[in-house]
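Taken in sequence, the protein lines are chains A and B. According to the working numbering, the stretch in the first sequence is residues 1 to 456, in order. According to the working numbering, the stretch in the second sequence is residues 1001 to 1456, in order.
Number of protein chains: 2
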Amino acid sequence: MEKPTLPKGTRDFGPAVMAKRQFILNTIRTVFQRFGFLPLETPAMENLSTLTGKYGDEGDQLLFKVLNSGDFLKDIDASKLETRNSKLVASEISEKGLRYDLTVPFARYVVMNRHEITLPFKRYQIQPVWRADRPQKGRYREFYQCDADVVGTDSLICEAEIVLMIKEVMQHLSIHDYTIKINHRGVLNGIAEQVNASGRESDLFVVIDKLEKIGEENVRNELSEKGFAAQQLDKLFELLKTAGTAQQKLNILSTSLASSTSGKKGIDDLKDVFKLFEHYQANSDHVEFDVALARGLSYYTGCIFEVKINNVAIGSVSGGGRYDNLTQAFGSKEQLSGVGISFGIDRIYDAMEELNLFPKETLASSKVLVCHFDDATRHYVLSMLTRLRAAGINSEVYPDIAKLKKQLDYANKKNISFCLVIGEEEIQSGSLTLKNMERGEQEKLSIENIIHKLTH
Amino acid sequence: MEKPTLPKGTRDFGPAVMAKRQFILNTIRTVFQRFGFLPLETPAMENLSTLTGKYGDEGDQLLFKVLNSGDFLKDIDASKLETRNSKLVASEISEKGLRYDLTVPFARYVVMNRHEITLPFKRYQIQPVWRADRPQKGRYREFYQCDADVVGTDSLICEAEIVLMIKEVMQHLSIHDYTIKINHRGVLNGIAEQVNASGRESDLFVVIDKLEKIGEENVRNELSEKGFAAQQLDKLFELLKTAGTAQQKLNILSTSLASSTSGKKGIDDLKDVFKLFEHYQANSDHVEFDVALARGLSYYTGCIFEVKINNVAIGSVSGGGRYDNLTQAFGSKEQLSGVGISFGIDRIYDAMEELNLFPKETLASSKVLVCHFDDATRHYVLSMLTRLRAAGINSEVYPDIAKLKKQLDYANKKNISFCLVIGEEEIQSGSLTLKNMERGEQEKLSIENIIHKLTH
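Here is the structure:
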């Protein structure tokens, strides 16, 4: 029999990796809850009618489809089968697909539960998603998304709180050198108006979004090829290069974009968001108003966000923005405005690993291994184990009778911090040997003192 | 456009349900970690070659298969397609399936990582699994399993600790009226020998397993139909009806099964497990030696466990046992003995709901809603919100300018415990109105006193 393998682009997370992932996820979850977001989970499988058409043609191609169970070929038309058209046949033999993101299931949930939901509705969702992408470094076919969204209000308080949440997450993860880029679709639309490109916003934005990656010259070339004139591009770059602090840029652009309704709205919103930081007694450290930030997703309509950790070669670790029509794709006529943020766990993990930021305590292990040597002492040894656990200390016993060296090896390999060595002599005296595995030191202490030492 | 729906047998978990589910999962996770088990996660999709043949024919039928991506029909033989044999075609167009349980992925992980793993290996795993079962009350196509297993040792300490873990979980969930049934495959084999049914153990066990459900008479009838003689059945029920405390039953059966090697081994193991409870300074309350406990899964070879919550019409909420050949199905020649336990979250949830056991604090909500009434007070209101959050109090602000009634309604509907009402007067005096939403009472307090009150 061949050795088993994992499907391409998927991963196991063993204990050491899991402990670090849990540290990140717990941090994000705690912050989400601190800000009043409540948990939602949706099924891994959704009807394909729910998923299809929501992510563009390319997205549809990347959906994992689940084969109908039972005799799935029974009712399919022979003529369809003979076409050998995979797309056509797929729709006949598969009616479910795996979740591609958390936004569409969230919208589907809101539509299905609209009458039970109290608006504004603040939900967070931390679950894996699946995409049939070509696997490559840092890109997987199964990965977690961590989203928080509030829908049913257009208050800019929500935008401000999203920035505050990002800052709180970063602080708790000990990531200190990062930038939260913020921009507004209104500003981008205003710029489009200024360069006479109204109606061609998305042509423009898609290329502008690459500015940081490919540089001004390449952006100019791409836009020229798309038919933008040199004069338009000069004007464009004049606006994109607006320099200064956020306040200075906002002031300059409020003049440059004064004639554009959406430009003005964008600038006013951003000014208000920055003012809100003060109201929250927070500063705007780390927050950069980036006129060139566009973000690909076309459904954003207001503020947009993107977070980068500086000095690591990793793309953005978080992004989001405001959208106006969450549920429209499901035929809902109600216009539900919302704003959300999504954290990319895999990238945060890689960055923290590179910057060596994981706290030592996230190492996955018991704190104490209790060592024993024969059946005669088992009674005593296990009662000590019970006392450690009752004190809330994660601990285990080496379950077999084995030499001390083997037991210490086990503790070392598993990163267990302390070994409690108990033999006849220790039982007689009540003074147990506590061995610090990292320092190699050992001392003799009563169980009370050991518990005190390990819990204080 | 039609209203969206969920795939049959799947569920959304909204905030209120999620909070309770998280309470159960966190409890189990904490206990697993207290006993030295470390987390593992495996991908939702496994190769079908990993999954197929591990769950019997019926299990294979219930696997959800994922359609190969891209042009999956391109290379398939026309003659195969023309057979219209769904099973044959499925194997051509699908090479991945969804996880059906957590044991097979665990075994696959151990085989693939055998050289990095330190034995004994204690892992827990809490993830959803998928089965194309016919959906019915309490049976879903997606549901969580919570497993803990230790492999690489046959020490009975592991069996004892599994029972202790179950007791700890139950205690933390405030479930006090429950029974942990324990038996041993050796005892069952010994009984089979005594009734001259060696070689027909599984015929026997499958029916015995139903004893509690269908009663003695039906079990007798079923076994008669399978060709067991009245004399055999009389002997069988004599043994199954062995009465008394665990110790008494063990003593009686150690005589009745004295001539059977496996019977003797089973009794000795169980005696040792009960002795171990004493060594752990634990009692054997809730633990019942049930000679008729068989459990369906044929791979168990030693102790078997099953947990029932008494006085609720819900099947077993947990079960497990010892197996001898975890990795054999993957061609591994190493005989890895292990023992594991699995908790069924959905049933525990239903039982706790029925018994009204969820603590009030698991209600999903912020603790405080900060209410405000105009832009002029926004500055002050938001700075108070920052102070609450900095003190670790989950809190939110009603983001829009709205009448008090609307804001209080929102808090009520979302089960928020307190409203902090701040108007001009409150700002002048620094004495803020804290409204207890449950009792309807309100008092005026400084922010310091409010924080103290809510965190002590």
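Each residue gets a CB set at the ideal place from its N, CA and C atoms; glycine is no exception.
| message | Under 8 Å: do the region 182-190 of chain A and the region 250-268 of chain A share three or more Cβ pairs, one atom per stretch? | response | In short, these stretches touch, since the Cβ pair count reaches three.
| said: If you measure between the beta carbons of V1291 (chain B) and L1336 (chain B), is that distance less than 8 Å? | reply: With a cutoff of 8 Å on beta-carbon distance, V1291 (chain B) and L1336 (chain B) are scored as not near each other.
| said: For a quick check, are the C-beta atoms of I180 (chain A) and E288 (chain A) less than 8 Å apart? | reply: Their beta carbons are under 8 Å apart, which means I180 (chain A) touches E288 (chain A) by this criterion.
| Close beta carbons around L211 (chain A), own chain, < 8 Å, minus the five adjacent residues each side | Hits under 8 Å: V219, L240 and A292.
| message | Counting only C-beta atoms, is M352 (chain A) closer than 8 Å to chain B at any point? | response | No, its Cβ sits nowhere closer than 8 Å to a Cβ of chain B.
| Comparing alpha-carbon positions, which option in B:H1452, B:V1339, B:L1432 and B:E1217 lies nearest L1445 (chain B)? | Check the Cα spacing between L1445 (chain B) and each of B:H1452, B:V1339, B:L1432 and B:E1217: the tightest is with B:L1432.
| field | Cβ shell of D346 (chain A) (< 8 Å), same chain only, five flanking positions each side left out | value | Its chain contains G138, Y140, F143 and Y144 as the residues whose beta carbon lies nearer than 8 Å to that of D346 (chain A), once the 5 sequence neighbours on both sides are disregarded; these appear in chain order.
| query | Opposite A148 (chain A) in the DSSP bridges: which residues? | reply | Its beta-bridge partners are A:Y124 and A:I341.
| query | List, in order along the chain, the chain A residues whose C-beta lies closer than 8 Å to that of Q1022 (chain B)? | reply | At a C-beta separation below 8 Å, Q1022 (chain B) has these neighbours in chain A: P39.
| Since E1396 (chain B) and G36 (chain A) are thought to touch, with beta carbons under 8 Å apart, how far apart are those beta carbons, to the nearest angstrom? | The pair is a contact, with the Cβ atoms about 3 Å apart (cut-off 8 Å).
| S69 (chain A) versus V339 (chain A) - alpha carbon distance | Distance between the alpha carbons of S69 (chain A) and V339 (chain A): 38 Å.
| Could one say the Cβ of H1172 (chain B) lies closer than 8 Å to chain A's Cβ atoms, at least one of them? | Not one beta carbon of chain A lies nearer than 8 Å to the beta carbon of H1172 (chain B).
| message | Please classify G97 (chain A) as buried or exposed, where buried requires at least 16 neighbouring CB atoms within 10 angstroms. | response | Classification of G97 (chain A): buried, given that the 10 Å Cβ count is 16 or more.
| 7 Å CB neighbourhood of S284 (chain A) in its chain, flanking five on each side removed | Excluding five sequence positions before and after S284 (chain A), the CB atoms of its chain that fall closer than 7 Å to its own CB belong to A246, F274 and F277, given in chain order.
| message | On the CB-based measure, 16 or more other CB atoms within 10 Å of its CB, does P43 (chain A) come out buried or exposed? | response | Buried, because 16 or more other Cβ atoms sit within 10 Å of the Cβ of P43 (chain A).
| If you draw a straight line from the alpha carbon of N47 (chain A) to that of E95 (chain A), how long is it in whole angstroms? | Near 6 Å, if we compare the C-alpha coordinates of E95 (chain A) and N47 (chain A).
| From Q61 (chain A) to G53 (chain A), what does the alpha carbon distance come to, in whole angstroms? | If you draw a straight line from the Cα of Q61 (chain A) to the Cα of G53 (chain A), it comes to about 10 Å.
| said: For F1032 (chain B), report the span of its alpha helix (DSSP H) as first-last. | reply: Unbroken alpha helix (DSSP H) run through F1032 (chain B): P1015 to R1034.
| How would you label S342 (chain A), buried or exposed, when you count the other beta carbons within 10 angstroms and need 16 or more for buried? | The residue in question, S342 (chain A), is buried, as its Cβ has 16 or more Cβ neighbours within 10 Å.
| request: Return helix, strand or coil for M1045 (chain B), following the three-state DSSP convention. | output: Three-state DSSP puts M1045 (chain B) in a strand.
| At least three beta-carbon pairs within less than 8 Å, the region 364-382 of chain A to the region 414-422 of chain A | Yes: the two stretches touch, three or more of their Cβ pairs being nearer than 8 Å.
| message | Taking a contact to mean a Cβ-Cβ separation below 8 Å, would you say I126 (chain A) touches R34 (chain A) in this structure? | response | Taking 8 Å as the Cβ cut-off, I126 (chain A) and R34 (chain A) do not qualify as a contacting pair.
| query | Taking the continuous beta strand (DSSP E) assigned at R322 (chain A), which residues delimit it? | reply | Its beta strand (DSSP E) spans residues S318 to Y323.
| query | In terms of alpha-carbon separation, which member of B:G1321, B:I1393, B:M1437 and B:L1173 lies closest to E1448 (chain B)? | reply | Comparing Cα positions, the closest option is B:I1393.
| Contact belief for K360 (chain A) with H286 (chain A) at Cβ below 8 Å, rounded distance in angstroms | Going by Cβ atoms, the distance from K360 (chain A) to H286 (chain A) rounds to 26 Å, so no, they are not a contact pair.
| field | chain B residues whose Cβ lies nearer than 8 Å to that of H286 (chain A) | value | Contact of H286 (chain A) with chain B by beta-carbon distance below 8 Å is absent, the smallest such distance being about 17 Å.
| query | Is it right to say H452 (chain A) is buried, meaning 16 or more other beta carbons lie within 10 angstroms of its own, or is it exposed? | reply | A residue is called buried when at least 16 other Cβ atoms come within 10 angstroms of its Cβ; H452 (chain A) does not meet this threshold and is exposed.
| request: Please name the residues in the region 89-101 of chain A whose beta-carbon is closer than 7 Å to at least one beta-carbon of chain B, in chain order. | output: Only those residues of the region 89-101 of chain A whose C-beta falls short of 7 Å from the nearest C-beta of chain B are listed: V89, A90, S94 and K96.
| task | Assuming E1222 (chain B) contacts F1237 (chain B) (C-beta within less than 8 Å), just tell me the rounded distance between them. | result | Not confirmed; about 13 Å, so no contact.
| Residue(s) in a DSSP beta bridge with S1395 (chain B) | Beta-bridge partners of S1395 (chain B) (DSSP): B:V1368.
| Per-residue DSSP class, three states only, for P432 (chain A) | In the sequence as presented, Pro is not what sits at residue 432 (chain A); that position holds Leu. In the structure shown, L432 (chain A) sits in a strand (DSSP, three-state: E or B).
| Thinking just about the alpha-carbon of each residue, which of A:A90, A:L164, A:R99 and A:G331 is nearest to the one in F72 (chain A)? | Nearest C-alpha to F72 (chain A) among A:A90, A:L164, A:R99 and A:G331: A:A90.
| request: Would you tell me roughly how many angstroms separate the C-alpha atoms of V312 (chain A) and I175 (chain A), rounded to the nearest one? | output: Roughly 11 Å between the two C-alpha positions.
| query | Does the distance from the C-beta atom of L434 (chain A) to that of E443 (chain A) stay below 8 Å? | reply | Cβ distance < 8 Å, so L434 (chain A) and E443 (chain A) count as in contact.
| task | Check the C-beta distance from F13 (chain A) over to F358 (chain A) and give it rounded, since I have them as a contact under 8 Å. | result | Incorrect: roughly 14 Å between the Cβ atoms, too far for contact.
| Straight-line Cα distance separating R1114 (chain B) from Q459 (chain A) | The question about residue 459 (chain A) has no answer here: the residues shown for chain A are numbered 1 through 456.
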